[in-house]
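According to the numbering used here, the sequence shown is numbered sequentially starting from 4. Structure first, then comments.
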Amino acid sequence: MNLVRRADFRRAAACGFGALVAMTAAAAFGNVHAHSLQARLIAIVGAAVFLVLAILATRSTAGEISRVVGARAGPAAASMVRLLVTFICYLIVLLLALDLLDVPIQHLLLGGALTGVVFGIAAQQSLGNIFAGLVLLVARPFTIGDHIRIRSAPLGGLFEGTVTGMGLSYTRLDADEGPLNVPNASMLAAAVGPAREPEAGDTDTEVSESTEAATEKTGQPAGASR
Numbered sequence: 004m005n006l007v008r009r010a011d012f013r014r015a016a017a018c019g020f021g022a023l024v025a026m027t028a029a030a031a032f033g034n035v036h037a038h039s040l041q042a043r044l045i046a047i048v049g050a051a052v053f054l055v056l057a058i059l060a061t062r063s064t065a066g067e068i069s070r071v072v073g074a075r076a077g078p079a080a081a082s083m084v085r086l087l088v089t090f091i092c093y094l095i096v097l098l099l100a101l102d103l104l105d106v107p108i109q110h111l112l113l114g115g116a117l118t119g120v121v122f123g124i125a126a127q128q129s130l131g132n133i134f135a136g137l138v139l140l141v142a143r144p145f146t147i148g149d150h151i152r153i154r155s156a157p158l159g160g161l162f163e164g165t166v167t168g169m170g171l172s173y174t175r176l177d178a179d180e181g182p183l184n185v186p187n188a189s190m191l192a193a194a195v196g197p198a199r200e201p202e203a204g205d206t207d208t209e210v211s212e213s214t215e216a217a218t219e220k221t222g223q224p225a226g227a228s229r
C-alpha cells in the first residue's frame with residue numbers, strides 16, 4: 004500500500020511539473036494567431052501536452068487523496084472527495100487549456116460566476132455540510148469507532164453515541180435511541196469530546212441504588228425468599 008501511495012505521489016508530481024513546463028512554453032513562445040507556423044505549432048502542441056499531463060496529474064492526485072480520506076472516513080466519503088477533487092481540477096485544466104489556445108473565456112467565466120452564485124444560494128445548506136465535512140476530515144476531532152459525547156443546543160442538548168460513518172454531508176452515530184444521521188455543519192458547530200467510560204465505582208453505585216429501590220418497594224431485602 005505504501006508503495007502504491009508513493010508511486011501515485013511521484014506520478015502526480017512529475018506530471019504536474021511537466022504540465023507546468025508545457026504551459027509556460029506555450030504561453031511564452033506560442034501564438035495560435037501568429038503568421039509563423041512554428042509559433043502556432045508550439046501553442047497547439049504545448050496546449051495538448053499540458054492537457055494530457057494535467058489530466059494524469061489530476062487522476063493521480065485524486066487517487067492519493069481518496070486513499071487518505073478512505074483510511075479516515077470510509078469508502079463512501081473517499082469516493083465523494085475523489086469525485087469533487089476530479090471535477091474541480093478538470094474544470095481548472097480546461098479553462099487553462101482554452102486560455103493557451105487564445106479562446107475567449109471571459110463570457111464563460113462570467114456565466115459560470117453567475118451560475119455559481121445562484122447555485123450557492125439555492126444549495127447553501129448542502130454546501131455548508133460538505134465544507135464542514137471536509138473540515139472534520141482534516142481536523143479529525145473524532146474518527147470511526149470513537150464513542151463521543153456531543154453538546155449542542157440545536158441538537159437537543161447533550162447526548163452520546165459511537166461514530167459508525169463519516170460522509171461529506173452527514174456523520175452517522177449509533178446512539179442510545181438508535182442510529183442517527185447528524186449534519187456535518189451541526190457537528191462542526193457542536194462541542195464534541197470523548198465520552199467518559201463507566202468506572203467500577205459507578206457500577207457499584209448503580210447496583211446499590213437499584214438494591215435500595217427494590218428493598219423500599221417490597222419491604223424486604225432484594226433476593227430474600229418468603
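We treat Cβ as the ideally placed atom computed from N, Cα and C, and that holds for glycine. All of these numbers come straight from a predicted model, not from anything done at the bench.
First through last residue of the beta strand (DSSP E) which encompasses I153: Locating residue 153 in the sequence shown gives position 150, where the first residue counts as 1. Where I153 is concerned, the enclosing beta strand (DSSP E) starts and stops at H150 to S155.
Chain C within 7 Å of R75, Cβ atoms only: Of the chains in the structure shown, none is chain C; there is only one protein chain.
Contact the stretch 63-77 vs the stretch 33-43: 3+ CB pairs below 8 Å: Here the stretch 63-77 makes no contact with the stretch 33-43; the two share fewer than three CB pairs at distances below 8 Å.
Member of A51, A22 and F145 whose CA lies at the smallest distance from the CA of T174: If you number the sequence shown from 1, residue 174 lands on position 171. Closest by alpha carbon: F145.
Outcome for D11 when other beta-carbon atoms lying within 10 angstroms are tallied against a minimum of 16: The residue given as residue 11 occupies position 8 in the sequence shown. Counting Cβ neighbours within 10 Å, D11 comes out buried, since at least 16 surround it.
One or two residues paired with A194 in a DSSP bridge: Indexing the sequence shown from 1 puts residue 194 at position 191. In DSSP, A194 forms a bridge with R154.
Cutoff 8 Å; reference C18; Cβ partners in own chain excluding five residues on either side: For the purposes of this step, residue 18 is identified with residue 15 of the sequence shown, where counting begins at 1. Contacts found: L56, A57, L59, A60 and S63.
A46 burial status per 10 Å Cβ neighbour count (16 or more: buried): Your numbering for residue 46 matches position 43 in the sequence shown. The C-beta of A46 has 16 or more other C-beta atoms within 10 Å across all chains shown, which makes the residue buried.
Length of the line joining the Cα atoms of L97 and S129: Within the sequence shown, the letter at position 94 stands for residue 97. Within the sequence shown, the letter at position 126 stands for residue 129. If I take the Cα positions, the gap works out to 26 Å.
Rounded distance between the beta-carbons of I151 and V166, thought under 8 Å: Locating residue 166 in the sequence shown gives position 163, where the first residue counts as 1. Locating residue 151 in the sequence shown gives position 148, where the first residue counts as 1. Confirmed, Cβ separation roughly 6 Å.
Any alpha helix (DSSP H) of 4 or more consecutive residues that is wholly inside the stretch 69-150: Note on the stretch 69-150: whole alpha helix (DSSP H) runs with a minimum of 4 residues are 78-103, 109-125 and 127-142, in chain order.
Reduced DSSP category for R13 - H, G, I as helix; E, B as strand; rest coil: Mapped onto the sequence shown, residue 13 falls at position 10. The three-state reading of DSSP puts R13 in helix, counting H, G and I together.
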